Amino acid sequence: MKIFIVKDYLELSTKAANIIKEEIEKKTNLILGLATGSTPEGTYKELIRMHKEEGLDFSKVSSFNLDEYLNISYSHPNSYHAFMDEKLFKYLNIDKNNVHIPDGNVKNVEEYCKDYDKLIDDSGGIDLQILGIGQNGHIAFNEPDDRLYLGTHVTNLTESTIKANSRFFSSIDEVPKKAITMGIGSIMKAKKILLLANGEKKAPVIKELLQGEMISTQNPASLLLLHPDVTIIVDEEAAKDYLSQKK
Ligand code: F6R
Numbered sequence: 003m004k005i006f007i008v009k010d011y012l013e014l015s016t017k018a019a020n021i022i023k024e025e026i027e028k029k030t031n032l033i034l035g036l037a038t039g040s041t042p043e044g045t046y047k048e049l050i051r052m053h054k055e056e057g058l059d060f061s062k063v064s065s066f067n068l069d070e071y072l073n074i075s076y077s078h079p080n081s082y083h084a085f086m087d088e089k090l091f092k093y094l095n096i097d098k099n100n101v102h103i104p105d106g107n108v109k110n111v112e113e114y115c116k117d118y119d120k121l122i123d124d125s126g127g128i129d130l131q132i133l134g135i136g137q138n139g140h141i142a143f144n145e146p147d148d149r150l151y152l153g154t155h156v157t158n159l160t161e162s163t164i165k166a167n168s169r170f171f172s173s174i175d176e177v178p179k180k181a182i183t184m185g186i187g188s189i190m191k192a193k194k195i196l197l198l199a200n201g202e203k204k205a206p207v208i209k210e211l212l213q214g215e216m217i218s219t220q221n222p223a224s225l226l227l228l229h230p231d232v233t234i235i236v237d238e239e240a241a242k243d244y245l246s247q248k249k
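First residue of the sequence shown? That's 3 in the numbering used here, and the numbers climb one at a time after it.
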């Protein structure tokens, strides 16, 4: 596991975007796994800048998003479809046919989830997976539990996630309670993983992850310790509990 503790969110975003850029330059038809949420917004901004100012080419890049709320219309401003379009895709020369975001409005959702994993596998698998992390250690929407799903599935969001996500909605009652999410197995199949975390709210869970001593399904992100190619970039605020126990 490679760990970078950087000064602030700006540095985190620039570093993450540079890693993504290097991978696209090495493999023009890179398959990216993408996350939503506030953490990668700065990285996406920097990728847009690199596209506009440095000609970073996304024309052959494909992407698979981690998750989407269930039964939310695509045009809802808080749908992950809308988020990805607003924060990234509409500014890039990415081919919309190569963009994949779980569809929370399908009829046969179980079959759809299996097909989503198959589509990832058939396309050659995710080369670089970008991840944020929940305060409770969730990655994608794999919430802490005794048992975790390997494949893409429908999940109930925990109270703490609903509360954390309510900052994007006008009231907590509006936050969807269920989501489609890639499973732990789908994520672990990615060839490279880049996990980002900023801000002091993430400090306790980042401390556990950076200590790297134990894995537990009660801290889904800890399972990443079993992956052979994980890079973690955290800002000083998110690293503060880890750094203070080291002193
Ligand atoms: C989003 C996702 C989530 C977020 C996590 C952190 O697609 O899969 O796991 O990465 O909830 O969210 P932020 O970045 O808003 O703190």
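C-beta atoms are modelled at their ideal positions from N, C-alpha and C, and glycine is treated no differently. The structure presented is a predicted model; accordingly, all values stated were derived computationally and were not measured.
query: Opening and closing residue of the beta strand (DSSP E) in which Phe6 lies; result: Lys4 to Val8
query: Cβ-based burial, Gln220 [other Cβ within 10 Å; buried from 16]; result: exposed
query: Pairwise C-alpha distance: Asp87 and Ser81; result: 10 Å
query: Cut-off 8 Å between Cβ atoms - residues of its own chain near Ser224, not counting five sequence neighbours on either side; result: Gly139, Glu210, Leu211, Met216, Ile217 and Ser218
query: Three-state secondary structure assigned by DSSP to Asp105; result: coil
query: Among Ile174, Ser125, Lys17 and Ile33, nearest to Lys194 - alpha-carbon criterion; result: Ile33
query: 3 or more residues per run - each beta strand (DSSP E) lying fully within the stretch 3 to 88; result: 4 to 8, 33 to 36, 64 to 67 and 69 to 71
query: Assigned exposure category for Ser246 - 16 Cβ within 10 Å defines buried; result: exposed
query: Closest residue to Ile122 among Asn20, Ala142 and Ile103 (Cα-Cα distance); result: Ile103
query: Run of the beta strand (DSSP E) containing Asn158, from where it starts to where it stops; result: His155 to Asn158
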